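Here is the structure we will look at.
Protein chains in written order, with the numbering used here: chain A, 429 to 1007; chain B, 4 to 377.
As structure tokens, then:
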């Protein structure tokens, strides 16, 4: 039994004697023939566990055997049978696709004979045939991910380890990767897939749920989901503001967790609690509760002890803006060319005060280009962008003073402490004296930064980095907030906390423009603009996009299904035209 | 074994593709040497020609004028003559003159009496010690020549004591370029061996490719050789190119043999690569790797190799330190090969020491590098 699976016994790992262990007393068995998902919030120990499985780290205590091979004593034999795709895919960016494949084939001693067929098969499998000569560094995120997988598969591994393969990759590519891995799994191969996406975890036959280095759950995801069966409800028929309904719901004793889902609000009750009194939600006379099947994410948040409450202290401290429905952000015919390449073509949209507008689209579609033009960071080739009525080209400085910007990449000073970053950013936004002091103190309280005040920003856990970045972008109480992938890679709990703040700010009249990969996040948006191949191919509320994508095959599409269907429809209607 | 060979050659091939595609490696290996050679060939010269001095002529007599004229005629000086001592002194203080020769009032009279009692004052600007030496020595030379001429013109036997017959070996014209260029070659190889190697390994850590490599059956020794060989070849190519430029463009003599050159530079390159690999086994990002390589590789090669600063005149502590600087042995060997020839009794011990240093560095690298992430 032990020799045909991966056995973890009392495994602990610590990066330093004085530090909290990254993994503590972990015991589990991972079987071949299935995909095992490794899930857990940021810093739970997923990557550490992966590295222990590759024998790139050795356990502080405990044992790990892979098909009978102990990682401590048989690392060389182990390396013969594993395929490992690290977080950055492990590709040589200045080698071409085929050169990367050849390199890994040589490193794994794939015999010369039959290599052509092998490469042909892998290239066909990954859809990279026509990109053989392209440098890996010039591939899109999704293509890199597939090439990384092909390299890990070059000699059919018995253990395939994928460390967050889908971070920063659009839903279409994620699906394709999932399909490929499914095709691979046979009786002998064990696949371990670590992920921050719970919809992926839900598809795995088994999951290991880690939190703070401890194993919270091991087993089929359905078994975990079972725990919240009969506790999940959708508040439908809401006539008031669904964000306020959510905030009120999260205040209730009975409610463990809740999110916005299109026009509805999804809630999860605490174990053993009865349905809440609907009137407390103030959701309008027509509102009603519908029991819905539980999802893995509901169970996940439940297992981690529930989400944050529904009140945003950040929003509460802010003076409300006038409720005048004015258009605060406006793009008119924005076009950006880089040489022959058109990164954005004729993009137009208008956002009203107190509205959340989401830009959605696959990697390289032109989201970031549009976003940067709206921040005044990139000069459009033609077209105009306005923020609170100010033209970004004519009065960029003035326009920017009204907007808060949170960049996708961590853009604070890594070598400054948390406090110094707060002081610095409040300073450049023109806060001074008592007001500055008071604002910084408030941010520290709101985002729970007390324990980290003197830590260097670069050493913070990802969730705290994002909190600090948000804090720095809202200290000057901007009327407009631009968020570029604000919760990419962040675990669902932190994501909920973020959205509590964003929802709160919007209620106070702040306008939000957000780009995202997460469909959950897109559900919070009032309207979504779907960007594809440099153009805005669809705009509308999430539910409207879903109904646009309705077809006999998918009568009730999820937002992700709608997203994929709309892209395919667009491709189909444009292929017919001679280009 | 066959498997090992396959993996190693794959790594080496990969490295060459990367070198070809990465402009920064090519820049460091082929453009930087040319720039350095031109800098040291044309730009830097330790020879002083036309040093600006002043001659204060307080003596109205014939001999004083004759000597002043001799200073004016000297190719080593650009002399200004004045009767006013104060004026020239001001110029010296202002840094517009590097030295001052004072011909006193009674000079002609004393020379006519037989010369034994005549005195001259030479003031040199010690803030530039090197130039001050030149002023002193060149002034002495001008006076000696003048004195010899004077004696001959007056039909007097030159007063002979012990006479020095100076001959300068190896570099008769005393062109500093001839000793600087071999030193520059050592610097170039230190940069390629240490800096480039440390950078490319750190880059693999940064981009996550090292982690992927380590999870394959590749052995540490294969990884090390896969880095070593390409950069060894690159370094040797850069060295041969630089020697070719030095010899053809700068007329640097080359009196040794090619095998001796290859042996010396090969041994040095091994030590430099060893150092680069050792740095990269500790520093896992390019910025730190570059800093450490510059401080422990480039700067010592520049300052402590005897390339510009004479090792013999360093304080004992620093002199002791130079013994572990590989560049020191290469500078000596290169200078010998270019200017003297195959002096094996000097070359071989240096090559031996370089190989020893390389062995120590490789031993440390192999001990420090394990197939683990920490």
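Each residue gets a CB set at the ideal place from its N, CA and C atoms; glycine is no exception. Note that this is a predicted model, so its numbers are computed, not measured.
Proximity test, Cβ basis, 7 Å: residue 482 of chain A and chain B: Residue-level contact by beta carbon holds for residue 482 of chain A and chain B, with a gap shorter than 7 Å.
Going by other Cβ atoms of all chains shown within 10 Å of its Cβ, with 16 needed for buried, is residue 689 of chain A buried or exposed? A residue is called buried when at least 16 other Cβ atoms come within 10 angstroms of its Cβ; residue 689 of chain A meets this threshold and is buried.
Would you identify the three-state DSSP class for residue 837 of chain A, choosing helix, strand or coil? Of the three classes helix, strand and coil, the one that applies to residue 837 of chain A here is coil, per DSSP.
For the region 8-21 of chain B, which residues have a CB atom closer than 7 Å to at least one CB atom of chain A, in sequence order? Listed in sequence order: 9, 10, 13, 17, 20, 21.
With a cut-off of 7 Å, does the C-beta of residue 514 of chain A fall near any C-beta of chain B? Contacts with chain B at 7 Å (Cβ-Cβ) include residue 514 of chain A.
Listed by chain order, chain A residues near residue 217 of chain B by CB distance under 7 Å: Taking a Cβ-Cβ threshold of 7 Å, the residues of chain A close to residue 217 of chain B are 484, in chain order.
Assuming residue 913 of chain A contacts residue 943 of chain A (C-beta within less than 8 Å), just tell me the rounded distance between them. Contact between residue 913 of chain A and residue 943 of chain A holds, with the beta-carbon distance rounding to 6 Å and staying under 8 Å.
Considering only residues of the region 837-922 of chain A, which uninterrupted beta strand (DSSP E) runs meet the minimum length of 3 residues and lie entirely inside it, listed in chain order? Runs of the beta strand (DSSP E) lying entirely within the region 837-922 of chain A and spanning at least 3 residues, in chain order: 908-912.
Could you tell me which uninterrupted beta strand (DSSP E) segments, each at least 3 residues in length, are contained entirely in the region 484-557 of chain A, listed from first to last along the chain? Here the runs fully enclosed are 489-494, 510-513.
Please report the straight-line C-alpha distance between residue 554 of chain A and residue 575 of chain A, rounded to a whole angstrom. Their backbone Cα atoms lie some 7 Å apart in a straight line.
Could you tell me the alpha carbon to alpha carbon distance between residue 184 of chain B and residue 256 of chain B, rounded to whole angstroms? Cα to Cα, residue 184 of chain B sits roughly 11 Å from residue 256 of chain B.
Whole beta strand (DSSP E) runs in the region 639-723 of chain A with 3 or more residues, listed along the chain? Runs of beta strand (DSSP E) with 3 or more residues, each lying fully within the region 639-723 of chain A, are found at 642-647, 660-664, 683-689, 692-697, 716-719, listed in chain order.
Per-residue burial, residue 320 of chain B [other beta carbons within 10 Å of its own, 16 or more giving buried]: It counts as exposed.
Could you work out which residue in A/624, A/612, A/445, A/582 is closest to residue 891 of chain A when comparing CA atoms only? Relative to residue 891 of chain A, the option among A/624, A/612, A/445, A/582 whose CA is nearest is A/624.
How about residue 537 of chain A and residue 9 of chain B: do their beta carbons lie closer than 7 Å? Cβ atoms of residue 537 of chain A and residue 9 of chain B: closer than 7 Å.
Who are the Cβ neighbours of residue 360 of chain B in its own chain at under 6 Å, not counting the five residues just before and after it? Once the five neighbours on either side are set aside, the close Cβ partners of residue 360 of chain B are 274, 329.
Show which residues of chain A have a CB atom less than 8 Å away from the CB atom of residue 6 of chain B. In chain order: 537.
Are three or more beta carbon pairs between the region 732-750 of chain A and the region 646-657 of chain A nearer than 8 Å? Short answer: they don't touch.
Which bits of chain A does residue 370 of chain B rub up against, with CB to CB less than 9 Å? Chain A residues near residue 370 of chain B: none, gap ~17 Å exceeds 9 Å.
Among A/627, A/471, A/736, A/694, the one whose alpha carbon lies nearest that of residue 679 of chain A: A check of alpha carbon separations from residue 679 of chain A across A/627, A/471, A/736, A/694 identifies A/736 as the nearest.
Does the beta carbon of residue 841 of chain A come closer than 7 Å to any beta carbon on chain B? Not an interface residue.
At a Cβ threshold of 7 Å, is residue 200 of chain B touching chain A? The beta carbon of residue 200 of chain B does not come within 7 Å of any beta carbon belonging to chain A, so the residue lies off that interface.
Can you list the residues of chain B that residue 527 of chain A reaches, using a CB-CB cut of under 8 Å? At a C-beta separation below 8 Å, residue 527 of chain A has these neighbours in chain B: 17, 20.
Quick test of your reading: residue 449 of chain A and residue 732 of chain A, contact by CB under 8 Å. State the CB separation rounded to the nearest angstrom. About 19 Å separates the two Cβ atoms, so there is no contact after all.
Expressed to the nearest angstrom, what Euclidean distance is found between the alpha-carbon atoms of residue 840 of chain A and residue 883 of chain A? Approximately 13 Å, taken between the alpha carbons.
For residue 246 of chain B, which option in B/265, B/234, B/57 has the closest C-alpha, if you only look at C-alpha atoms? The candidate whose alpha carbon is nearest that of residue 246 of chain B is B/265.
Figure out for me which residue from A/729, A/752, A/674, A/588 has the closest Cα to the Cα of residue 644 of chain A. In this structure, A/729 is the residue among A/729, A/752, A/674, A/588 with its C-alpha nearest to the C-alpha of residue 644 of chain A.
Throw me the rounded Cβ distance for the residue 586 of chain A and residue 552 of chain A pair, which I believe falls under 8 Å. Separation of the CB atoms of residue 586 of chain A and residue 552 of chain A is rounded to 23 Å, and the pair is thereby denied contact status at 8 Å.
If distances are taken between C-alpha atoms only, which option among A/751, A/800, A/738 comes closest to residue 762 of chain A? In this structure, A/800 is the residue among A/751, A/800, A/738 with its C-alpha nearest to the C-alpha of residue 762 of chain A.
Does residue 233 of chain B come within less than 7 Å of chain A when only Cβ atoms are used? Answer no: the Cβ-Cβ gap between residue 233 of chain B and chain A never drops below 7 Å.
Residues of chain B with a CB under 7 Å from the CB of residue 592 of chain A: which are they? Contacts between residue 592 of chain A and chain B, judged by CB atoms closer than 7 Å, are missing: the closest CB pair is about 12 Å apart.
Hey, could you find the ends of the beta strand (DSSP E) residue 85 of chain B is sitting in? The continuous beta strand (DSSP E) containing residue 85 of chain B extends over residues 80-85.
Please classify residue 234 of chain B: does DSSP put it in a helix, a strand, or coil? Helix at residue 234 of chain B.
As a quick exercise: from A/767, A/434, A/631, A/780, pick the residue whose alpha carbon is nearest that of residue 749 of chain A. Taking only the C-alpha atoms, the option nearest residue 749 of chain A is A/780.
Taking buried to mean at least 16 other C-beta atoms within 10 Å of its own C-beta, is residue 284 of chain B buried or exposed? Around the beta-carbon of residue 284 of chain B, 16 or more other beta-carbon atoms lie within 10 Å, marking it buried.
Going by DSSP, name the residue or residues bridged to residue 435 of chain A. BP columns for residue 435 of chain A point to A/457, A/493.
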